[in-house]
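The block underneath contains the structure these notes are about, expressed in structure tokens.
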Amino acid sequence: MSSDTLLVEPSTVSPAKRIVGDLLRSREIAVAAVLVVVVALTTLKSPDFLFSSNGWRDLLLTPSLLLLLAVGQAVVIITRNVDLSVGSTLGLTAYFTGNLFVDHPGIPIVLVFVLGLAFGAFLGFVNGFLVTFFNVPALVITLGTLYIYRGIFLSWAGSSRINASDMPHSFLDLGTKQILTIPVLTIIGLAVLGLVGYYLYTARGGRELYAIGSDPDAAVLYGLPVKRRVLGAFVLCGALAGLAGVVYAARYGTVSSGAGYGMELQAVGAAVIGGVAIFGGSGTVWGAAIGAFLLVTINRALPVVGISDFWQRAVVGALIIAAVVLDRVLSARQERRLVAARDETRES
Amino acid sequence: MPGTAPEASVALELRDVAKSFGSVVALRSGSLAVAPGSIHALVGENGAGKSTLVKIVAGVHRRDSGVFRLHGADVDFGSTAESKSAGVAVIYQEPTLFPDLSVTENIFMGRQPVGRGRRIDRPAMYAEAAGLFQRLGVAIDPRRPARGLSIADQQIIEIAKAISLDASVLVMDEPTAALSGVEVDRLFAVARSLRDEGRALVFISHRFDEVFALCDTVTVMRDGEYVSTDSIAETSVEQIVSRMVGREVGELFPKTPAEIGDVVLDVAGLSSTGTFHDISFSVRAGEIVGLAGLVGAGRSEIARAVFGVDGYDAGSVHISGTAVPPKKPRAAIKAGIAFVPEDRRKQGLVTESSVARNVAGVIRGRLTHAGLLTNADENRAAGPWAGRLEVKTNALDATATTMSGGNQQKVVLAKWLATQPRLLIIDEPTRGIDVGTKAEVHRLLSDLAGEGLAILMISSELPEVLGMADRVLVVCEGRITAELSREDATPEAVMHAATARVTHAAPLDTPLDTPEVTA
């Protein structure tokens with residue numbers, strides 16, 4: 000996706016070659032390669048990691064929650080904002096979902112998904128409204144709502160929790176069901192990814208999100224509907240966190256007050272590792288999704304290859320820092336080459 | 000209005016347009032009438048209200064009063080989107096592009112060609128961009144990101160944007176300020192072809208040779224007011240200059256003569272690639288030297304280099320015969336240089352801190368007892384200075400944020416005077432300060448010079464320079480183009496030197512009577 004074309008003169012490279020070249024240079028492929036290497040090395044050490052039916056299922060299933068959060072987070076970060084409340088939104092929506100089943104036995108599962116999405120979207124709307132209409136940095140607003148949403152969750156749930164027995168079997172089965180060996184929850188995640196990715200690449204609104212993140216002041220001068228778009232990004236991010244909440248309930252069967260705790264930072268980490276620039280304007284949800292897979296898979300792989308629990312977080316941290324440093328180095332190099340290419344054509 | 004086209008065929012018309020920001024009047028009564036198929040120059044000194052007028056046309060600001068018509072119909076733009084859809088394109092001095100996106104996306108953002116299902120038709124978009132670049136005669140890959148483009152290329156992108164919008168009115172705010180000769184020629188060729196298509200162009204520039212080469216009509220503004228409109232063929236540089244500056248100098252506090260002493264500051268051969276070249280001058284004790292010129296001429300950069308904030312490639316700076324090392328502001332302060340920067344809120348003050356803390360800021364090392372600095376120490380040191388400069392604040396612990404621009408400037412001055420400097424460099428001493436306080440600042444500077452302080456004053460306001468300075472150095476495009484004594488420093492002489500092109504890379508196709516100025 001990264002447009003690494005350095006020529007100032009119109010490109011004479013054939014489209015097929017250009018697309019292949021862009022792909023090879025893209026961040027998404029690089030992260031995917033790291034993911035493949037991690038899986039391969041772990042599988043060498045313990046073949047069950049990939050080749051047992053459980054191993055294969057977990058490889059795909061475990062990242063599906065973070066996948067949803069990372070996609071939403073990526074959209075918000077692209078607009079030069081951040082949403083730190085997604086972990087709390089996930090938890091609150093998961094509890095809300097469980098309660099729906101408790102209060103309305105026999106409620107259609109599709110309706111539960113719709114209500115979960117809507118509830119998350121509402122929480123996202125609150126974030127977006129506060130950010131756009133009071134002009135307060137998203138970091139501060141969503142740090143506030145992180146605690147507020149978690150607080151509402153705690154006072155609502157008290158010491159009670161939702162148990163598997165509170166929810167219908169058909170719903171819980173979604174958590175383990177597979178179609179052609181691919182878990183249903185993963186399919187949901189990938190479908191969302193596909194839709195959002197398609198929107199960001201081909202719709203005017205999607206491109207405007209990039210423009211806003213690239214230079215917010217210029218976006219105003221262009222006459223882009225900045226507030227509306229940023230608000231939309233937050234609503235989408237909240238809705239996906241809500242969806243993740245429903246998925247959480249189906250996957251784990253129990254919802255206690257710790258649900259989703261700390262996941263907001265994993266979501267930011269996944270997006271950053273996947274090449275979404277923290278200052279907005281560049282990156283793709285594909286990258287964020289692969290980042291989510293890598294983050295979760297590394298966490299699962301480290302114990303298998305015998306790295307102590309204590310070091311796992313440090314490894315994740317190192318990965319994030321490495322990704323950001325790599326970004327800086329690459330973009331500085333690209334900028335230099337672009338400037339040099341320009342000077343050449345000016346002199347010729 | 001002499002020389003304008005008849006009412007019916009006016010593309011853009013503004014009459015008696017006014018705009019204030021709070022108590023500051025940016026535009027008193029701006030008027031402009033541009034005919035289709037015409038390139039109309041808008042000239043005036045810095046702060047004459049040109050940019051405000053442009054921003055009203057662009058929909059960035061809303062006018063307070065006055066008539067604003069587009070093709071004969073009254074309009075009132077509340078946003079840039081509205082002005083765009085009405086066919087107005089504005090190219091700002093600093094192009095506003097999205098660095099992460101491709102140049103093509105920059106051109107079409109918000110109105111990309113869409114195919115079925117409202118999905119963006121990328122092949123069509125790239126083809127159209129390539130067509131635009133071909134038409135403009137530039138070689139830019141439509142797929143490359145905007146990051147890394149030169150200002151000239153960025154302006155071409157902006158122009159491509161305007162053409163693809165099919166804008167009927169195109170405003171260019173100092174588009175040539177950052178361009179080389181070849182690039183200026185390319186831009187002019189494009190502008191002429193747009194004119195020939197019947198579009199109305201407004202061209203804002205400080206370079207008279209360019210105005211005379213490109214435009215057919217010229218409107219002069221001064222102090223936020225409309226002065227005149229003339230056909231280029233019927234006017235001259237002298238006439239325009241006199242209209243731009245035609246104002247009484249007497250309204251300001253003049254400098255009282257002081258005894259001129261020894262050379263304090265001696266700058267020799269100072270150069271910094273791309274910013275200024277071969278700058279040599281001196282300032283004597285008791286003398287006020289004015290550094291005049293247009294915004295962006297390199298005056299502030301010279302001051303920053305002398306003080307050691309920025310580095311330089313060649314040359315030397317001496318204070319009373321002792322060399323001041325480059326890039327060491329601390330050494331400069333030790334040598335006795337004080338520097339009041341242009342942007343006092345950002346660079347001159349810690350606005351959240353108290354007056355006393357600000358005043359004691361530079362000398363705080365001297366005030367400490369065993370490494371500790373108390374509020375009492377700061378207040379004791381700041382008190383006399385605040386008193387002497389009549390800083391109007393209730394207490395020394397009031398924060399600088401709450402103060403007026405004039406009082407803030409006095410705090411900055413107090414801070415530096417507390418270091419007992421030998422040379423005071425002051426950049427735009429009265430910018431954003433009301434008239435009454437202005438006179439106070441001027442009186443203060445005059446008194447300081449009388450006490451033997453050497454003062455280097457940068458100012459974009461001609462009356463201030465002419466009223467205060469014993470000598471005026473005019474900077475144009477990074478070079479000193481004139482040195483005028485107090486007697487010779489007339490508004491016309493300064494403006495001529497400030498707008499003289501020192502070198503011109505490419506010949507222009509119209510002969511002009513550009514004043515020749517030698518240093």
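Those protein sequence lines, which keep their order, are chains A and B. Position 177 of the first sequence, counted from 1, bears residue number 176 in numbering that gives the first Met the number 0, the numbering being contiguous throughout. Position 485 of the second sequence, counted from 1, bears residue number 484 in numbering that gives the first Met the number 0, the numbering being contiguous throughout. Backbone N, C-alpha and C define an ideal beta-carbon position, used for all residues, glycine too.
Assuming B/ALA284 and B/ALA453 make a contact with CB atoms under 8 Å, what is their CB distance in whole Å? At roughly 5 Å, the Cβ-Cβ gap stays under 8 Å, so B/ALA284 and B/ALA453 are in contact.
Could you check where the alpha helix (DSSP H) with B/GLU196 kicks off and where it finishes? B/GLU196 -> no alpha helix (DSSP H), and no H or E assigned at all.
For A/LEU171 and A/SER159, I'd like the C-alpha separation in whole angstroms. 20 Å
Entirely within the stretch 211 to 250 of chain B and at least 3 residues each: give me those beta strand (DSSP E) ranges in chain order. 216 to 221 and 224 to 230
Verify the CB distance criterion: does A/ALA249 have a CB-CB separation below 8 Å to chain B? no
Which residues share a DSSP beta bridge with B/HIS368? B/LEU371
Just the Cα atoms here: how many angstroms apart are B/VAL89 and B/LYS160? Rounded to whole angstroms, B/VAL89 to B/LYS160 spans 10 Å at the Cα level.
Report the residue from B/GLY36, B/ASP376 and B/PHE211 whose alpha carbon sits nearest the alpha carbon of B/GLN238. Minimum Cα distance to B/GLN238 is reached at B/PHE211.
Using a C-beta to C-beta distance shorter than 8 Å, which residues of chain A count as neighbours of B/VAL113? ARG203
Alpha-carbon spacing of B/ARG430 relative to A/TYR148, whole angstroms: 48 Å
Suppose contacts are defined by Cβ-Cβ distances below 8 Å. Is B/THR51 in contact with B/LYS83 by that definition? no
Inspect the CB distances between the stretch 94 to 103 of chain B and the stretch 212 to 223 of chain A and report whether three or more fall short of 8 Å. yes
Tell me which residues of the stretch 215 to 245 of chain A have at least one Cβ-Cβ distance to chain B shorter than 9 Å, keeping chain order. Within the stretch 215 to 245 of chain A, those residues whose Cβ lies closer than 9 Å to any Cβ of chain B are, in chain order, ASP216, ALA217, ALA218, VAL219, LEU220, TYR221, GLY222, LEU223 and PRO224.
A/ALA270 beta carbon less than 8 Å from that of B/ARG118: no
If you check the beta carbons only, do B/LEU461 and B/PRO490 fall under 8 Å apart? yes
Return the residue from the list B/LEU148, B/ALA322 and B/PRO144 that minimises the CA-CA distance to B/PHE306. B/ALA322
Please name the residue or residues paired with B/ASP265 in a DSSP beta bridge. B/SER281 and B/HIS317
Roughly how many angstroms lie between the CA atoms of B/ILE139 and B/ILE158, to the nearest whole one? Approximately 13 Å between the Cα atoms of the pair.
Let me make sure I understand the geometry here. Which of A/GLY20, A/GLY119 and A/ALA321 has the alpha-carbon closest to that of A/ALA93? A/GLY119
Cα separation between B/LEU135 and B/ALA331? 49 Å
Quick one: what does DSSP say B/GLY289 is sitting in, helix, strand or coil? strand
Taking A/ALA240 as the reference, which of A/ARG227, A/GLN265 and A/PRO224 has the closest Cα? A/GLN265
Indicate whether at least one CB of chain B lies closer than 8 Å to the CB of A/LEU337. yes
Buried versus exposed, by CB contacts within 10 Å (16 or more), B/LYS437: buried
Can you give me the C-alpha to C-alpha distance between A/SER307 and A/VAL33, rounded to a whole angstrom? Each residue's alpha carbon lies about 21 Å from the other.
Taking Cβ to Cβ, would you say B/THR175 is nearer than 8 Å to B/SER204? yes
Let me know if A/LEU40 comes out buried or exposed under the rule of 16 or more other beta-carbons within 10 Å of its beta-carbon. exposed
Look at B/ASP215 and B/SER37 and say whether their C-beta atoms are less than 8 Å apart. Yes, the Cβ-Cβ distance between B/ASP215 and B/SER37 is below 8 Å.
Could you spell out the range, first to last residue, of the beta strand (DSSP E) harbouring B/ALA32? 23 to 33
Residues of chain A with CB under 9 Å from B/SER50, in chain order? Under the 9 Å cutoff, chain A gives no residues; its nearest Cβ is about 14 Å from B/SER50.
To the nearest whole angstrom, what separates the beta carbons of B/HIS39 and B/PHE207, a pair I think is in contact under 8 Å? The C-beta distance from B/HIS39 to B/PHE207 rounds to 15 Å, too long to meet the 8 Å contact threshold.
Give every residue of the same chain whose Cβ lies closer than 6 Å to the Cβ of B/PHE132, excluding the five residues on either side of it in the sequence, and list them in chain order. Excluding five sequence positions before and after B/PHE132, the CB atoms of its chain that fall closer than 6 Å to its own CB belong to ILE139, given in chain order.
Let me confirm a value: B/ASN75 is counted as buried when at least 16 other C-beta atoms fall within 10 Å, else exposed. Which label applies? One detail in the question is off: residue 75 of chain B reads as Asp in this sequence, not Asn. Flag for B/ASP75 reads exposed.
For B/LEU526, list the residues DSSP reports as bridge partners. A query on residue 526 of chain B cannot be resolved here, the shown segment of chain B reaching from 0 to 518 and no further.
Taking 8 Å as the threshold (beta carbon to beta carbon), is A/GLY280 in contact with chain B? yes
Against chain A, with Cβ distances strictly below 8 Å, would B/LYS83 count as a contact? yes
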